[in-house]
Amino acid sequence: MPEILSKDIQYIKGVGPNRATLLNKVGIFNLKDLITYFPREHEDRGKIKNICDLEDGEEALISGFPTGRINEVRIRKNMLISKLTVRDETGTCQITWYNQSYLKKSIRQDIRYKFYGRVTKKYGRPEIMSPVFESEDANKNTGKIIPIYPLTYQLTQNTLRKIIEEGLKEVNGQLEETLPQYLLDKYNFYDYSTAINQIHFPSDFDSFNKAKKRLVFEELFSMQLALLSLKNKYEIKKPGIEFSKDAKMSDVIFKLPFKLTKAQLRVLEEIDKDMESSKPMNRLLQGDVGSGKTVVALIAAYKAVKSGYQATIMAPTAILASQHLETFQDILKNSGITCELLISGISKKKKEDILKRLENGEIDILIGTHAILEENVKFKKLGLVVTDEQHRFGVRQRSTVVQKGNNPDVLVMTATPIPRTLALILYGDLDISIIDELPPNRKKIETYAVTKGMEFRVNNFIAKNIEEGRQCYIVCPLVEENEEIDAKSVMEIYENYKNKIFPNYRVEYLHGKMKQKEKDSIMEEFKNGNIDILVSTTVIEVGVNVPNSNIMIIENAERFGLAQLHQLRGRVGRGEYQSYCILKYQGNSQIIKQRMKVISSTNDGFVISEKDLELRGSGEFFGTRQHGIPEFKIANLFEDIGTLKVVQEIAMEIINEDPLLEKKENIKLKRLVDDKFKDRIDI
Ligand code: ADP
Ligand code: MG
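Each residue of the sequence shown is one higher than the last, beginning at 239 in my numbering.
Below you can see the structure in the form of structure tokens.
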């Protein structure tokens, strides 16, 4: 990167320390950040419209002479309205300002002005309120296509625009091309400098589109290249473990209390092949909630152990880890395989014992939480690392466990249903297996979205099911009441249900701020059927299995993302009973209603994630933290899916031909990739 790009924003003309602080708030620290702070949209203030052609509601630029002086009306002490009539060759338009007393003196009748703003028409007469305006020969704020920036804090659009203009001036002639010439030629792209200039201040909309096309391409392409080179790195790294062909997965499959689905078998075949090959496995296992990922992990772990290695399963919560342990111990009970649980809640003595037995190889499978990451957790011969619900673990954490073995195989499981097309691309550094089938005889969870008026009926419905022996979850967005947020809290609902609505049932609560021991004991009691209603936050979101519970109530459902609602809903419908999910929501917006409709009408996680992406936009869907994937500045994974596919093909071609990007024509690409890895050095 040319040195100038790292210049501190503070020293750009017109900035200074105060404005620099505001710019920092939107992530602009240096010149590079500034010129890549892309506009949200553009306003066409270039074409002058005849007054007689103005339409109600549009934003337009007109040009004309004042027909007289400004007329001022003071309607309240602090409300002054200034009105001016302007005439062009085709008609007149009223211009209105609020509290701009200086205007009366500054507007002249002998000058022609341009006005830009939103037009309203009353009785056929056009009016523009609080317009941007300047004299006809000025071309500062009108006369061209003007960029509008997303967030500006206390800076006005005008100020930020000026600062960006200055920034572009400073780098003029010094921006280096970032893509190789052969790609620029192939796609007829603008060079980098033109693209950057045109994305901010386009000469026309065609140029803007051309600039955007290039920048979107570059952003997606560099990510894709980075992921592929990462994958390559794993593959050309020292060889992994070849697990034994004699350790047959089928030995444990025969012992299962159920028949595996076709999808589970297919996925296991893929894993089996990976495990027997000398190439270290790096596989993502995607499957909707309840699709049976745990048993797949178990079978893989079985193979690892029977080949003479240890395996570890890392889950995001203690509840989940304990549940996995139960499943494992149950199925593996006569196999001579030893499983242990490592969570932060266990006693010091027990922990020391586990660590010792782990290190000398007496424990075959270690299941646990983040506690496994600690430095003193040492394996004798770690061969397989499984992380469950991976979006809860950072890439860094994953690699910490991996370091505990000698190039072990890695299986990452996730229930976040990412649209298939995207998963293939976004997880370009992992191989992907998908379980796209639920075990048979699952009843569809009936889902209803209701508003406040239905509360009474909902409560009756809960009571009816509890009388039949079932249990109910209630999920709230908050732990405690909060004056600033209009949403239900666990404590509020808990008090209300326990004391007023259902004094005869056992109501308990659960949230992340409680001590581990308390949480575990509540969950244990719920599992054993001693609690009728469990009010909680989303801590129960991931993978908890209580087949007897059949109702999931979600308070303020409008506050959750669709994918999250789907996950929550997956807590019920795990047993033989017809299950229900009731989404209580408030708000009238179209988006909220559409979202409620999507979630009530389908149980297919992939369809839901596709819709979620569409309704929320990719920015929110793929937060960096969620997926460990860089955030996009200009690309939109939903709109730009076509480009994404093109980009993937080209990246693949290039990496196949030049795996380490060593060829002369790929020097620039190497730089792009290194740039991406700067914040991912832990891989
Ligand atoms: P998830 O993919 O959400 O982690 P789990 O592994 O927790 O799902 O499986 C959900 C439930 O389905 C468990 O009780 C599990 O024993 C059961 N299960 C898994 N596979 C099958 C199958 N092929 N047939 C019947 N039940 C299954
Ligand atoms: Mg699970």
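Every residue, glycine too, gets a C-beta built ideally from N, C-alpha and C.
- DSSP, read as helix, strand or coil, puts G302 in strand.
- A direct Cα-Cα distance of roughly 21 Å separates L907 from G411.
- The C-beta distance from I769 to R744 rounds to 5 Å, short enough to meet the 8 Å contact threshold.
- Fewer than three pairs of CB atoms, one per stretch, sit closer than 8 Å, so the region 350-365 makes no contact with the region 418-432.
- Look at K531: its beta carbon is less than 7 Å from one of the heavy atoms in the ligand ADP.
- A residue is called buried once 16 or more other Cβ atoms fall within 10 Å of its Cβ, and I386, having fewer, is exposed.
- Residue pairing for K321: DSSP places it in a beta bridge opposite N309 and T334.
- The residue among N783, V773 and Y540 with its C-alpha nearest the C-alpha of Y732 is V773.
- In the structure shown, Q886 falls within a helical segment according to DSSP collapsed to helix, strand and coil.
- Not one heavy atom of the ligand ADP falls within 7 Å of the beta-carbon of P715.
- Counting along the chain, the unbroken alpha helix (DSSP H) around M761 starts and ends at Q754 to K765.
- Counting along the chain, no beta strand (DSSP E) covers D291, and no H or E run does either.
- The criterion of a C-beta distance shorter than 8 Å is not satisfied by A549 and G583.
- Looking from the CA of S529, the closest CA among K511, Q502, P518 and M513 belongs to Q502.
- Residue state for Y815 is assigned as coil, using DSSP reduced to three classes.
- Under the three-state reduction of DSSP output, F481 falls in the coil class, being neither helix nor strand.
- Excluding the 5 residues flanking it on each side, N598 has same chain C-beta neighbours closer than 7 Å at K618, in chain order.
- For G525, same chain residues with a beta-carbon under 6 Å away, outside a window of 5 residues either side, are K531 and I673 in chain order.
- Inter-residue distance for G254 and N268 is about 13 Å (C-alpha atoms, whole angstroms).
- The DSSP assignment places complete alpha helix (DSSP H) segments of no fewer than 4 residues inside the region 536-605 at 556-569 and 586-597, in order along the chain.
- Membership of P255 in the alpha helix (DSSP H) is indicated by the continuous run G254 to K263.
- Boundaries of the alpha helix (DSSP H) harbouring H438: Y430 to H438, taken from the DSSP string.
- Annotated three-state conformation of L649 is strand, per DSSP.
- Linking Y747 to T776 through their CA atoms gives a straight-line distance of about 12 Å.
- By the Cβ-count criterion, I581 is buried, with 16 or more other Cβ atoms from all chains shown falling within 10 Å of its own Cβ.
- Remark: fewer than three beta-carbon pairs, one from each stretch, lie closer than 8 Å, so the region 476-493 and the region 551-568 are not flagged as touching.
- CA-CA distance, C577 to D423, rounds to 59 Å.
- With respect to the C-alpha of P897, the residue from S467, E365 and K736 having the closest C-alpha is S467.
- Beta-carbon to beta-carbon, F492 and R452 are separated by about 57 Å, too far to satisfy the 8 Å threshold.
- According to the DSSP secondary-structure assignment, D282 is paired through a beta bridge with I383.
- Where D512 is concerned, the enclosing alpha helix (DSSP H) starts and stops at K500 to E514.
- Under the DSSP assignment, T397 falls in the alpha helix (DSSP H) whose first and last residues are Q395 to V409.
- The beta carbon of R283 is closer than 6 Å to those of L299, Y354, T380 and I384 in its chain, skipping five residues each way along the sequence.
- If you look at I771, you'll find it isn't in any alpha helix (DSSP H); it sits in the beta strand (DSSP E) that goes I771 to S774.
- The Cβ-Cβ distance between M513 and K541 falls below 8 Å.
- By the neighbour-count criterion, in which 16 or more other beta carbons inside 10 Å mark a residue as buried, C331 falls on the buried side.
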